[in-house]
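Enquirer: One line per chain: the protein sequences are A and B, in this order.
Under this note's numbering, the first residue of the first sequence is numbered 136, with each subsequent residue one higher.
Under this note's numbering, the first residue of the second sequence is numbered 4, with each subsequent residue one higher.
We treat Cβ as the ideally placed atom computed from N, Cα and C, and that holds for glycine.
The structure displayed is predicted, hence computed values, not measured ones.
Let me begin by handing over the structure; questions about it come next.
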Amino acid sequence: MKVDSFHTLILPLREKLFRHALGIVRDRAEAEDILQDLLLKLWSRREEWEEIDNPEAYCYRAIRNMSLDRLAVASNRKSAWSSVEEEEKNLIDSESPHSRLVRKEQHALIAHCIAQLPERQQTLFRLREIEEMSYRQIADTLQISEELVKVTLFRARKKLQELLSGEALKEKSRMGTSLDQNER
Amino acid sequence: MDKEMKRDLIIELLNKYWNCETNLAEEQELRRLFAEEELPEELQRYAPLFSYIEEEQAPRLSAGFEQRLQESLRKADTAVVPKHMPRRTRLMRIAASILLLVGMGVSLYFITRQQNNPQYAESGKADSEVWEQATDALEKLADALRLSEEASRETLRQLNAMEIDWEMIDSLNSETAAAGRDPDVETEDAGELFHSGDTIQEGVTTGYPESINEEEKI
Chain A
136 MKVDSFHTLI LPLREKLFRH ALGIVRDRAE AEDILQDLLL KLWSRREEWE EIDNPEAYCY
196 RAIRNMSLDR LAVASNRKSA WSSVEEEEKN LIDSESPHSR LVRKEQHALI AHCIAQLPER
256 QQTLFRLREI EEMSYRQIAD TLQISEELVK VTLFRARKKL QELLSGEALK EKSRMGTSLD
316 QNER
Chain B
4 MDKEMKRDLI IELLNKYWNC ETNLAEEQEL RRLFAEEELP EELQRYAPLF SYIEEEQAPR
64 LSAGFEQRLQ ESLRKADTAV VPKHMPRRTR LMRIAASILL LVGMGVSLYF ITRQQNNPQY
124 AESGKADSEV WEQATDALEK LADALRLSEE ASRETLRQLN AMEIDWEMID SLNSETAAAG
184 RDPDVETEDA GELFHSGDTI QEGVTTGYPE SINEEEKI
């Protein structure tokens with residue numbers, strides 16, 4: 136049964152968990168490493184699974200915590216190199232270098248803002264926006280009510296709306312220039 | 004689409020989006036609209052959010068990940084094997100104690116039956132004789148209990164001695180299984196079970212006297 140639920144329940148989550156980790160550590164190799172660590176840990180402790188009442192929610196929390204730990208350890212030595220390369224690969228070539236840079240700054244600002252949200256809002260935002268899960272699916276995954284899913288997501292989106300519509304514009308330009316200097 | 008109309012559509016969708024009233028398809032549509040070139044000036048500031056989401060959706064695990072994962076899972080598996088042992092021995096212990104209880108029950112049954120028959124016939128005998136008989140019977144019972152206790156202790160000791168053998172043999176088995184052909188974790192598990200079944204049988208038939216000897220030495 137445990138072997139089964141590892142294959143039917145946990146393994147199918149791997150792409151989502153990977154993007155979850157990637158959203159935090161911003162480095163593909165690192166994110167894959169963290170995911171492998173997590174899956175390995177779950178596999179070798181499958182005897183104890185009955186004590187975990189909601190493996191999916193547990194996985195999202197675990198990958199988040201592991202990623203934040205890694206980030207804390209790596210933050211000192213990590214340069215911006217990998218993420219710069221990454222984003223350049225993702226962007227369309229027709230874009231001018233300037234608009235590419237601007238967009239990169241904007242994305243950094245949004246990522247920064249999302250990182251400031253409470254844990255549940257962050258997880259929920261990612262599950263809805265990036266993994267495109269329905270409210271029902273999210274409620275089942277995190278074992279909370281659909282109502283709470285909506286309320287939490289509403290708060291997260293409101294924050295981002297505030298950020299983007301004015302209030303943060305000043306901050307954006309401030310952050311933008313500081314990022315700009317870092318780049319050069 | 005008319006520019007005006009498009010603007011209205013985006014604004015309407017966007018308002019629904021902030022209020023969490025959009026469904027997944029509408030959210031997709033919103034991302035698509037925001038990705039288009041000629042976006043009304045006042046809406047441009049929201050574009051980064053949707054392009055950010057789109058960008059975050061894209062990454063996939065690299066091709067080599069699956070293989071690396073399977074390898075490390077298999078490695079972890081061989082390390083975990085000893086963990087399986089206590090459960091098997093626990094089962095054997097339960098079986099042994101059931102055997103002990105049954106043994107006691109059977110011996111009790113025979114002893115009391117032996118006693119019962121004469122008691123009816125000799126009910127008129129002297130007190131001392133009855134007393135003698137009773138102590139005799141109790142002694143027999145005590146002997147039988149001691150014997151069965153000793154026997155079950157011996158069984159437990161042998162089981163313990165055998166457990167050591169199993170672990171060794173099992174780790175040998177899993178090592179060969181890991182070194183050899185089987186890449187699939189599940190079938191490897193099944194194979195392991197099969198092998199350990201074999202070793203139990205061997206232990207019972209051939210390893211029996213050996214383990215007693217070992218016990219005596221200790």
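1) On the three-state DSSP scale, how would you describe residue 132 of chain A?
2) Over what stretch of residues does the alpha helix (DSSP H) that includes residue 143 of chain A continue unbroken?
3) Can you pull the chain B neighbours of residue 242 of chain A, defined as C-beta to C-beta under 8 Å?
4) Please return the same chain residues whose Cβ sits closer than 8 Å to the Cβ of residue 185 of chain A, not counting the five positions on each side in sequence.
5) Tell me the DSSP secondary structure of residue 278 of chain A in three-state form.
6) Comparing alpha-carbon positions, which option in B:162, B:144 and B:7 lies nearest residue 94 of chain B?
7) Once the 5 residues before and after residue 155 of chain A are set aside, which same chain residues still bring their CB inside 7 Å of it?
8) Shortest alpha-carbon distance to residue 298 of chain A belongs to which of A:234, A:245, A:272 and A:287?
9) Quick check: the Cα distance between residue 177 of chain A and residue 61 of chain B, rounded to an integer number of angstroms?
10) Could you work out which residues of chain B lie near residue 154 of chain A, taking near to mean beta carbons separated by less than 7 Å?
11) Could you name the residues of the same chain whose beta carbon sits closer than 8 Å to that of residue 152 of chain A, not counting the 5 residues immediately before and after it, in chain order?
12) Please identify the residue among A:191, A:300 and A:187 whose C-alpha is closest to the C-alpha of residue 272 of chain A.
13) I'd like the span of the alpha helix (DSSP H) that includes residue 200 of chain A, first residue to last.
14) Taking only beta-carbon positions, decide if residue 245 of chain A is within less than 8 Å of chain B.
15) If we count the other Cβ atoms within 10 Å of its Cβ and call it buried at 16 or more, is residue 141 of chain B buried or exposed?
16) Name the two residues that bound the continuous alpha helix (DSSP H) containing residue 157 of chain A.
17) Using 8 Å as the threshold, is the region 285-294 of chain A in touch with the region 25-42 of chain B, meaning 3 or more CB pairs across them?
18) Is the Cβ of residue 27 of chain B closer than 8 Å to any Cβ of chain A?
19) Within 8 Å (strictly less), CB to CB, does residue 33 of chain B reach chain A?
20) Quick one: what does DSSP say residue 91 of chain B is sitting in, helix, strand or coil?
21) Check the Cβ of residue 293 of chain A against every Cβ in chain B and list those closer than 8 Å, keeping chain order.
22) Can you find a CB in chain A that lies within less than 8 Å of the CB of residue 71 of chain B?
23) Chain B partners of residue 151 of chain A, CB-CB under 7 Å?
24) Identify the contact partners of residue 238 of chain A in chain B, using a Cβ-Cβ distance below 8 Å as the criterion.
25) Scan the region 195-209 of chain A for residues whose Cβ lies nearer than 8 Å to a Cβ of chain B and list them as they occur along the chain.
26) What are the boundary residues of the alpha helix (DSSP H) that residue 59 of chain B is part of?
Expert: Quick look at the numbers:
1) The structure shown does not extend to residue 132 of chain A, since chain A is modelled only from 136 through 319, so no value can be given for it.
2) Counted from its first residue, the first sequence places residue 143 of chain A at position 8. Looking at the DSSP string, residue 143 of chain A is not in any alpha helix (DSSP H), and its letter there is neither H nor E.
3) In the first sequence, counting from the first residue as 1, residue 242 of chain A sits at position 107. What residue 242 of chain A touches in chain B: 51, 54, 55 and 58.
4) One-based indexing of the first sequence puts residue 185 of chain A at position 50. There are no such residues.
5) Here residue 278 of chain A is taken as the residue at index 143 of the first sequence, counted from 1. If DSSP states are grouped into helix, strand and coil, residue 278 of chain A belongs with coil.
6) As a first step, residue 94 of chain B must be located in the second sequence, where it is residue number 91. Nearest C-alpha to residue 94 of chain B: B:162.
7) The sequence position of residue 155 of chain A within the first sequence is 20, counting from 1. Cβ neighbours of residue 155 of chain A beyond the five flanking positions: 195, 198, 199 and 261.
8) By one-based count along the first sequence, residue 298 of chain A stands at place 163. Taking only the C-alpha atoms, the option nearest residue 298 of chain A is A:245.
9) Walking along the first sequence from the start, residue 177 of chain A turns up at place 42. Walking along the second sequence from the start, residue 61 of chain B turns up at place 58. When rounded, the distance between both Cα atoms is 26 Å.
10) Here residue 154 of chain A refers to the residue found at position 19 of the first sequence. Near residue 154 of chain A (Cβ distances below 7 Å), the residues of chain B are 59 and 62.
11) If you number the first sequence from 1, residue 152 of chain A lands on position 17. Within the same chain, residue 152 of chain A has close Cβ partners 170, 173, 194, 195 and 198.
12) Start at 1 with the first residue of the first sequence, and residue 272 of chain A comes out as number 137. Residue 272 of chain A has its Cα closest to that of A:191, out of A:191, A:300 and A:187.
13) In the first sequence, the residue the question calls residue 200 of chain A occupies position 65. It spans 190-209 - the alpha helix (DSSP H) in which residue 200 of chain A sits, taken as one unbroken run.
14) On the first sequence, residue 245 of chain A is found 110 positions in, with the first residue counted as 1. True, the Cβ-Cβ gap to chain B drops below 8 Å.
15) Within the second sequence, the letter at position 138 stands for residue 141 of chain B. Looking at its Cβ environment, which holds fewer than 16 other Cβ atoms inside 10 Å, residue 141 of chain B is exposed.
16) Your numbering for residue 157 of chain A matches position 22 in the first sequence. It spans 149-160 - the alpha helix (DSSP H) in which residue 157 of chain A sits, taken as one unbroken run.
17) no
18) Locating residue 27 of chain B in the second sequence gives position 24, counting from the first residue. Chain A contact via Cβ: present.
19) For the purposes of this step, residue 33 of chain B is identified with residue 30 of the second sequence, where counting begins at 1. Answer no: the Cβ-Cβ gap between residue 33 of chain B and chain A never drops below 8 Å.
20) Numbered from its first residue, the second sequence carries residue 91 of chain B at position 88. Residue 91 of chain B falls in the helix class under three-state DSSP.
21) Translated into the one-based positions of the first sequence, residue 293 of chain A becomes position 158. 21, listed in chain order.
22) Numbered from 1 along the second sequence, position 68 holds the residue referred to as residue 71 of chain B. Interface residue, yes.
23) Position 16 of the first sequence, counted from the start, is the residue given in the question as residue 151 of chain A. Here the premise fails: no neighbours, minimum Cβ distance about 10 Å.
24) By 1-based counting over the first sequence, the position of residue 238 of chain A is 103. The contacting residues are 51 and 54.
25) none
26) As a working mapping, residue 59 of chain B is identified with position 56 in the second sequence. Note, residue 59 of chain B: alpha helix (DSSP H), 50-60.
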